[in-house]
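Asks: Handing you this structure, nothing more for now.
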Amino acid sequence: MPITQTTSAKKSKPIILMTMGQQDRNQHPYQVMTHKYMQPIVEIAGAIPLLMPTCFGIEDVDRYLDMVDGVYLSGAGSNIDPSLYGQENLTPEKSQDVNRDTVDLAIIAGALKRKLPILGICRGMQELNIALGGTLYQKVYSEPGFDDHREDPQTPNHVQYGPRHPIKTVPGSWLAKLIGDKTMVNSLHGQGICTLGKGLEALAYGEDGLIEAIHGPDYGQFILGVQWHPEWQANDNPDSIKLFQAFGSACRGEVSWQSANDAKLTA
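Under the UniProt record's numbering, the first residue of the sequence shown carries the number 1, and numbering increases by one thereafter.
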């Protein structure tokens, strides 16, 4: 993704919308957002996170979107309700967060309409795919030919989030120009993209063929979804720094970039 600074670029910090998720603690429902997701938005993207609770429905989604310069869909421990992509639930043991599903799908629709930059990580990438009509493998680890991409919960965080497997970016794509043809990523997910949503294209694959990154070259805005977790210790990872810098630049209106189809889009 070649980045070109423009003289008309905004100088102020952009505001980036993030949604919180439900978590029960001591018999009380909490709305939470993990520090590790916010940190690179502040420290690398140079932006201000605006947190939206998802427990009050979608009535105020437009008000939130009117206040922001970009949308950041984080990961989470919950799975997306499979009824949203026409399937029965094959992982009843995993938690779900229907309120987050409802709000995030509405946010994605509004962000696409407003041409706001969108960055989705892990569950966030999957939400983007579902919002545009795609489907998921609910159990990648049970699908023939695919590896087990889940983390070992018995290991410490630095092991869970350590480099796990290589990915290959699509040759000639802006992501390949940004982070190279091949790089190592972490892997902490049981689900993954099966069929791509409307207007989405793959930007990177794992060695087993699973889609690891997507974009939306036909939508005229910065759209990036990654299946790994670049937010983990992002300041120590050159690829993560480039990804969050690119997102921050797009949210400031500074970035001109080429899609995989060589269709020039200006965020």
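Virtual Cβ for every residue (Gly too), placed ideally from N, Cα, C.
With 16 as the cutoff for other CB atoms within 10 Å, does Val-159 come out buried or exposed?
Replies: Exposed is the call here.
Asks: Based on DSSP bridge pairs, tell me the residues matched to Asn-79.
Replies: Note: Asn-79 sits in a beta bridge opposite Gln-96.
Asks: When DSSP builds the beta bridges, which residues end up paired with Met-18?
Replies: Paired residues: Leu-51.
Asks: Between the C-alpha atoms of Ile-223 and Ile-58, what's the straight-line distance to the nearest angstrom?
Replies: Taking the straight line from one Cα to the other gives about 22 Å.
Asks: Buried or exposed for Arg-63, going by 16 or more other Cβ atoms inside 10 Å?
Replies: Its Cβ having fewer than 16 others within 10 Å, Arg-63 is exposed.
Asks: Arg-100: buried (16+ other C-beta within 10 angstroms of its C-beta) or exposed?
Replies: With 16 or more Cβ atoms within 10 Å of its Cβ, Arg-100 is classed as buried.
Asks: Going by CA-CA distance only, name the one from Leu-51, Pro-166, Tyr-72 and Ile-80 that's closest to Ile-130.
Replies: Residue Ile-80 is the option with its Cα nearest to Ile-130.
Asks: From the DSSP output, in three-state form, read off Glu-143 for me.
Replies: Coil.
Asks: For Arg-25, which three-state DSSP category applies?
Replies: Here Arg-25 sits in strand by DSSP.
Asks: Pick helix, strand or coil for Gly-57, following the three-state DSSP scheme.
Replies: Coil, per DSSP.
Asks: Please list, in chain order, all residues of the same chain as Pro-163 whose beta carbon is under 8 Å from its beta carbon, the five residues on each side excluded.
Replies: The residues are Met-184, Val-185 and Asn-186.
Asks: Can you give the Cα-Cα distance for Gly-199 and Leu-136, rounded to whole angstroms?
Replies: Approximately 16 Å between the Cα atoms of the pair.
Asks: Is Gln-126 helix, strand or coil by DSSP?
Replies: Correct three-state label for Gln-126: helix.
Asks: Find out if the Cβ-Cβ distance for the pair Ala-106, Val-61 is shorter than 8 Å.
Replies: Taking 8 Å as the Cβ cut-off, Ala-106 and Val-61 qualify as a contacting pair.
Asks: Hey, would you say Tyr-37 sits closer than 8 Å to Glu-231, going by beta carbons?
Replies: Result yes, Cβ atoms of Tyr-37 and Glu-231 sit closer than 8 Å.
Asks: Report the CB separation of Leu-188 from Glu-151 in whole angstroms; it is logged as a contact under 8 Å.
Replies: That pair is a contact at about 4 Å.
Asks: Contact defined as beta carbons within less than 8 Å: I believe Ala-45 pairs with Ile-15. What is the distance between those atoms, to the nearest angstrom?
Replies: Not quite, the Cβ-Cβ distance comes to about 11 Å (not below 8 Å), so this is no contact.
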